[in-house]
Amino acid sequence: MAIFKRFFQEKNSRQNDVCIETEDLEKLDEAGMGMVRGIVELSVTPVKEVLIPRIDTVFLAENSAREDIFNLLIESGHSRFPVYKETIDNVVGILYAKDLLPFLARGENIQIADIVRPAYFVPETMKLDSLLREMKQRRVHIAVAVDEYGGVSGIICMEDILEEIVGDIQDEFDNEGEEIVEVGNNQWLCDARVNLEELNEELGTDIPDTDFETLGGFVFDLFGKIPGRYETISWKDYVFVIQSVEGHKIRQVKILREEAE
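Numbered per the working numbering, the sequence shown finishes at 967, counting up by one with no gaps.
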């Protein structure tokens, strides 16, 4: 759609302006409007709000043994790894899994320093719209975020930015299991992306779906903040328990229905 193409073109002299015609907006459905909101928010959202924090990032030591590298590839399922020397704050490059394949196939020893690619470092205060343009220009899909002291805050991938526009993007390693699973009497484990209309129909709940489309959005609003794992909050006869949080996104919620006394 032209409205989205215009945003991703090179910035003109008015760099922070995103011109959206009224006639364009009238052509958009609800999903399209959601994408417009996501695009506009990129210009005010800093990297630090979206990045994968260092504690959740899979790093690889530059002197890792061949067996350790192979095990890390299998266990993590990732295709790119920040490589560090001595400490995590000293990232020396990015290792692409595809660059390892010839060595693994031939059973040869691997010298990571010889095949690592340059890392792209960005300040954690950088706005997402600027980062997305830079990543497109540089043809990179991953950046290493650093804080004001030069320490590594985490990583951010192009997929993370695009998800801010279009919602979560499933890849080959994402779990595509059932969105609502009954785990006990009046207990359900739910994907935070489950549609509220579907949830209400299956559980017999009456969660309002006028302001939110997903369970995650509704629960986020109840907390009024980014909740931590296992934090709980009540609404009517239900208790919502946060089971999984990734970055600033709620991933999984457990719902318990309290029986009337």
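All C-beta atoms, glycine included, are put in the ideal place defined by N, C-alpha and C. Predicted model only: the values in this text are computed from it and were never measured.
- Nearest neighbour of R823 by Cα position, chosen from V789, A767, F926, turns out to be V789.
- Every alpha helix (DSSP H) stretch that sits fully inside the stretch 752 to 837 and reaches 4 residues is listed by chain position as 772 to 782, 803 to 812, 818 to 821.
- For R760, the closest alpha carbon among the candidates N815, F776, S859 is that of S859.
- Across the structure, K942 and E904 are spaced so that their CA atoms are roughly 19 Å apart.
- T920 sits buried, since 16 or more C-beta atoms from the chains shown fall within 10 Å of its C-beta.
- Secondary structure note for V925: its alpha helix (DSSP H) is the uninterrupted segment 921 to 929.
- For L806, same chain residues with a beta-carbon under 6 Å away, outside a window of 5 residues either side, do not exist.
- The C-beta distance from G934 to I948 rounds to 7 Å, short enough to fall under 8 Å.
- Taken atom to atom, the span from the alpha-carbon of I818 to that of I867 is near 28 Å.
- Secondary structure note for E952: its beta strand (DSSP E) is the uninterrupted segment 944 to 952.
- Per DSSP, the beta-bridge partners of A851 are V828, G860.
- Setting aside the 5 residues that flank it on each side, E830 is surrounded in the same chain by V753, K754, A851, D853, S859, each with a C-beta closer than 6 Å to its C-beta; the list follows chain order.
- A distance below 9 Å separates the beta carbons of C863 and R786.
- In the three-state reduction of the DSSP assignment, E888 falls in the strand class, which pools E and B.
- Looking at the DSSP output, S749 shares a beta bridge with no other residue.
- Looking only at I848, K842, L834, R812, the smallest Cα-Cα distance to T763 is reached by I848.
- Out of S950, V945, T911, S836, the CA that lies nearest to the CA of V750 is found in S836.
- Per the C-alpha coordinates, the member of I961, I800, L834, D820 positioned closest to L902 is I961.
- DSSP, reduced to helix, strand and coil, places I956 within a strand of the structure shown.
- Assigned with DSSP and collapsed to three states, D912 falls in coil, not helix or strand.
- About 6 Å separates the CB atoms of L748 and E870; that is less than 8 Å, so the two are in contact.
- In the DSSP secondary-structure assignment, R963 is bridged to Y944.
- The straight-line gap separating the alpha-carbon atoms of E965 and N891 is approximately 10 Å.
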